[in-house]
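Per UniProt numbering, residue 1 is the first one in the sequence shown, and the count goes up by one each step. Below is one structure, written out as structure tokens, with a few remarks after it.
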Amino acid sequence: MLKTILSSALLAGAIITASATMSLAGDAKGDWVRPNGASKIRISSCGSSLCGKLIWLREPRNDTRNPDAAKRDRPLLGVQIVQAMKPTDKENQWKGKVYNAEDGKTYTGFIELTSANALKLEGCVMGGLICKGETWKREQ
């Protein structure tokens, strides 16, 4: 009897822990629009991480500022700009890399789901001391 109660308690604890862990991260997957409306980014799973690629540009262009000269002729459409985002200890936040096609640099990045339809993206330098970002809106 004691063995059955203990097993049930352990199973219940495992279910509660798993449920709490799954609820920590909101659903950032989907299509997002930058505030200026110039581009759309699709956030999706890439292995155990989240990634985001450019799926629409108001003015399509090539990746002319890429530090890799071999990539400067590639179209920006389809380029992964949000890379390998993994959950942090903060609820609804992920950390990884962000490629900024405007300057050709890759930064330490954060995405944070601030509401069901708002995703804050930040690119940071100096170990996260200086960050710049914007809030994307979910495409409806």
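Glycine is no exception: its CB is placed at the ideal position from the N, C-alpha and C atoms.
Problem - Limits of the unbroken beta strand (DSSP E) element including Leu77 - result: Looking up residue 77 in the sequence shown gives position 77. Neither: Leu77 is in no beta strand (DSSP E) and is coded neither H nor E.
Handout entry: Validate contact between the segment 45-64 and the segment 74-92 using beta carbons, cut 8 Å, 3 pairs
Key = yes
Problem - Which listed residue (Leu121, Glu91 and Lys40) has its alpha carbon closest to that of residue 145 - result: The first residue shown for the chain is 1 and the last is 140, placing residue 145 beyond what the model contains.
Exercise for the section: Work out the CA separation of Ala116 and Asn100 for me, nearest whole Å. Expected result: Looking up residue 100 in the sequence shown gives position 100. Looking up residue 116 in the sequence shown gives position 116. Whole-angstrom Cα-Cα distance: 25 Å.
Problem - Inter-residue Cα distance where the pair is Ala118 and Met126 - result: Reading the sequence shown from its first residue, position 118 is the one you call residue 118. Reading the sequence shown from its first residue, position 126 is the one you call residue 126. Using only the alpha carbons, I get a separation of about 26 Å.
Exercise for the section: Return the first residue and the last residue of the beta strand (DSSP E) that Gly47 is part of. Expected result: As a first step, residue 47 must be located in the sequence shown, where it is residue number 47. Segment: none, Gly47 is in no beta strand (DSSP E) and carries neither H nor E.
Handout entry: Burial state of Asn66 (16 or more Cβ within 10 Å)
Key = In the sequence shown, the residue the question calls residue 66 occupies position 66. Burial call: buried.
Handout entry: Cβ-based neighbour list, Trp32, same chain, cut-off 8 Å, excluding 5 preceding and 5 following
Key = On the sequence shown, residue 32 is found 32 positions in, with the first residue counted as 1. So the list reads Lys40, Ile41, Arg42, Ile43, Gly52, Leu119, Trp136, Lys137, Arg138 and Glu139, once near-sequence residues are dropped.
Exercise for the section: Name, in chain order, the residues that DSSP records as bridge partners for Pro67. Expected result: Working through the sequence shown from its first residue, we reach residue 67 at position 67. The partner list for Pro67 (beta bridge, DSSP) is empty, contrary to what the question assumes.
Practice task
Can you give me the start and stop residues for the beta strand (DSSP E) that Ala118 sits inside?
Solution key: Here residue 118 refers to the residue found at position 118 when the sequence shown is read from its first residue. Note, Ala118: beta strand (DSSP E), Ala118 to Val125.
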